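Asker: In our numbering, the protein residues as written are 410 to 510. Don't be surprised by glycine CBs; every beta carbon is placed ideally from N, CA and C. Since this is a predicted model, take the numbers as computed values, not measurements.
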Amino acid sequence: LNPREVPSPLIGKPAPHFELPQLHETAKTFTEKDMLGKVWVLNVWASWCVTCREEHPVLLDLAASGAVPIYGLNYKDKREDGLAWLTGMGDPYRLSIYDAD
């Protein structure tokens with residue numbers, strides 16, 4: 410048993426359908442079909458999330474390593490707060506999508 414390993418029942422499973430606007434370019438959308446057949450990480454985050462602040466340096470390191478592409482889902486946040494977060498904390502994501510609901 411590796412105490413650093415966090416198993417997930419979602420690994421190897423198809424992503425559920427979604428179509429959301431991009432955080433930076435609201436006229437563009439992103440869907441699970443854009444990544445069909447590729448390995449990638451979708452990280453759900455928000456500017457108000459304390460745990461997100463703790464994990465953010467790890468995501469920056471992972472993105473810098475190039476080991477796997479990381480995409481962000483800015484969840485239940487104000488768009489301007491999400492954009493300010495990425496500007497101030499650094500942006501590890503290839504792109505972020507936005508879900509205000």
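Let me check one thing: in DSSP terms, what residues is residue 439 bridge-paired to?
Answerer: 429
Asker: Run through the DSSP bridge pairs and tell me what residue 507 is partnered with.
Answerer: Residue 507 is bridged to 483.
Asker: Who are the near neighbours of residue 505 in its chain, counting only those whose CB is closer than 6 Å to its CB and skipping five residues on each side?
Answerer: Listed in chain order, the non-local C-beta contacts of residue 505 below 6 Å within the same chain comprise 432, 481, 483, local neighbours out to five positions each way being set aside.
Asker: Counting only the same chain and skipping the five closest in sequence on each side, list residues whose C-beta sits under 7 Å from that of residue 420.
Answerer: none
Asker: How is residue 419 classed by DSSP in three states: helix, strand or coil?
Answerer: coil
Asker: Please confirm whether residue 423 and residue 469 have their CB atoms less than 8 Å apart.
Answerer: no
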